[in-house]
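Accompanying notes for the structure given below.
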Amino acid sequence: MSSRLELTGISKTFQKGTLNEKVALDNITFTANPGDFVTVLGSNGAGKSTLFNAVLGIFLTDKGRILLDGEDITFKKQHKRAGGIGCLFQNPLRGTAPNMTIEENLALAYHRHSSYSFFAVNRRDADYFKEVLSTLGMGLENRLKTKMGVLSGGQRQAASLLMATVARPKLLLLDEHTASLDPATAEKVLAITKQIVEREKITTLMITHDMSYALNAGNRTIAMDGGRIVFDISGERREAMTPDDLIKAFRENSVNSLDDRTVLTKKPL
Ligand SMILES: Nc1ncnc2c1ncn2[C@@H]1O[C@H](COP(=O)(O)OP(=O)(O)OP(=O)(O)O)[C@@H](O)[C@H]1O
Ligand SMILES: [Mg+2]
Numbered sequence: 001m002s003s004r005l006e007l008t009g010i011s012k013t014f015q016k017g018t019l020n021e022k023v024a025l026d027n028i029t030f031t032a033n034p035g036d037f038v039t040v041l042g043s044n045g046a047g048k049s050t051l052f053n054a055v056l057g058i059f060l061t062d063k064g065r066i067l068l069d070g071e072d073i074t075f076k077k078q079h080k081r082a083g084g085i086g087c088l089f090q091n092p093l094r095g096t097a098p099n100m101t102i103e104e105n106l107a108l109a110y111h112r113h114s115s116y117s118f119f120a121v122n123r124r125d126a127d128y129f130k131e132v133l134s135t136l137g138m139g140l141e142n143r144l145k146t147k148m149g150v151l152s153g154g155q156r157q158a159a160s161l162l163m164a165t166v167a168r169p170k171l172l173l174l175d176e177h178t179a180s181l182d183p184a185t186a187e188k189v190l191a192i193t194k195q196i197v198e199r200e201k202i203t204t205l206m207i208t209h210d211m212s213y214a215l216n217a218g219n220r221t222i223a224m225d226g227g228r229i230v231f232d233i234s235g236e237r238r239e240a241m242t243p244d245d246l247i248k249a250f251r252e253n254s255v256n257s258l259d260d261r262t263v264l265t266k267k268p269l
């Protein structure tokens, strides 16, 4: 489902009034249009994860408004937003039940909003899960009864991606979900990400430190620095960009530098 995410004047300061006071989000105004797949770059501590956490409702923001498909979710509790927002993080185990099978994890995600007993996976669901798992090309369709905890990092991220999207969320937030994987597996998980996002047409934001990923995936790239969005690039300008151009654009618009990870992992397109 394609939805619009509208952030207006979002600010968040941590540990206000102490020596450790930190302005993590500084008056962010941003709209992701229905079907946008936005890649998000930034220096360490730029506020990228904080922005996601604000949208997820992990804390309330100090100022501003968050609208999802026109609905004001600014003050909604996290679990009330969760139905509309799928998310995936760097740690492949976050958000999954390692002692439950792939099938049970998927059923839990699929029936999250109903009173359905997810432990009893019915035949129709099992067939559906098998079908969607087979599209990943990771052989998981034959491992429905395998416990999540024994899968490799890449298999877990691929399965988690399905869990995050199987209930067709309005919005998908990916926070460096390929960062802990080896390069070949990361490529594969990125390809799967593109495939799922395109198939389900979910409005998506993906944080990455990899410049080529930032350009290869999605239709739009934003960069954050010091709690602000410092650029927002799409269309022809983005099409013409190389990873080096992106680094240059960041340098020209930011106070902080991109961390070493970024430059070291940059690959030619
Ligand atoms: N719960 C918290 N309490 C206090 N400070 C926090 C909290 N969460 C984040 N911060 C601070 O807010 C700033 C932004 O952090 P955030 O995690 O959003 O950065 P990031 O852009 O995701 O960086 P990275 O690339 O390292 O993941 C940092 O200075 C961080 O230390
Ligand atoms: Mg982060």
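Residue numbers (this note's numbering): 1 to 269.
Just so you know, even glycine gets a beta-carbon here, dropped at the ideal spot from N, CA and C.
All of these numbers come straight from a predicted model, not from anything done at the bench.
(message) On the CB-based measure, 16 or more other CB atoms within 10 Å of its CB, does K188 come out buried or exposed?
(response) buried
(message) Just verifying my parser: in three-state terms, what is the DSSP assignment at T165?
(response) helix
(request) Whole angstroms is fine: what's the gap from K77's alpha carbon to G57's? (result) 6 Å
(message) Is it buried or exposed, A240, if we count other Cβ atoms within 10 angstroms and call 16 or more buried?
(response) exposed
(request) Could you tell me how far apart the beta carbons of G47 and A24 are, in whole angstroms, since I believe they sit closer than 8 Å? (result) 5 Å
(message) Helix, strand or coil for K142? Go by DSSP, reduced to three states.
(response) Correcting the residue type first, residue 142 is Asn in the shown sequence and not Lys. The answer is helix: DSSP assigns N142 an H, G or I state.
(message) Looking only at its chain, what residues have a beta carbon closer than 6 Å to the beta carbon of N253, apart from the 5 residues adjacent to it on each side?
(response) V230 and F231
(request) Within the same chain, show all residues whose beta-carbon is closer than 7 Å to that of C226, passing over the 5 residues directly before and after it, in chain order. (result) Residue identity check: residue 226 is Gly in the sequence provided, not Cys. Result list for G226: D26, A46, V255 and N256, in chain order.
(request) Using the Cα positions of E71 and L171, report the straight-line distance between them to the nearest angstrom. (result) 13 Å
(request) Tell me whether V263 sits in a helix, a strand or coil according to DSSP, three-state version. (result) Caution is warranted here: a pLDDT of 48 is assigned to V263, below 50, making its placement in the model unreliable, and no coordinate value can be reported.
(request) Count the CB pairs spanning the region 54 to 69 and the region 137 to 146 that are closer than 8 Å, and state whether there are at least three. (result) no
(request) Classify G149 as helix, strand or coil using the three-state DSSP reduction. (result) helix
(request) Return the first residue and the last residue of the alpha helix (DSSP H) that E6 is part of. (result) Where E6 is concerned, there is no enclosing alpha helix (DSSP H), although the beta strand (DSSP E) it sits in stretches over L5 to F14.
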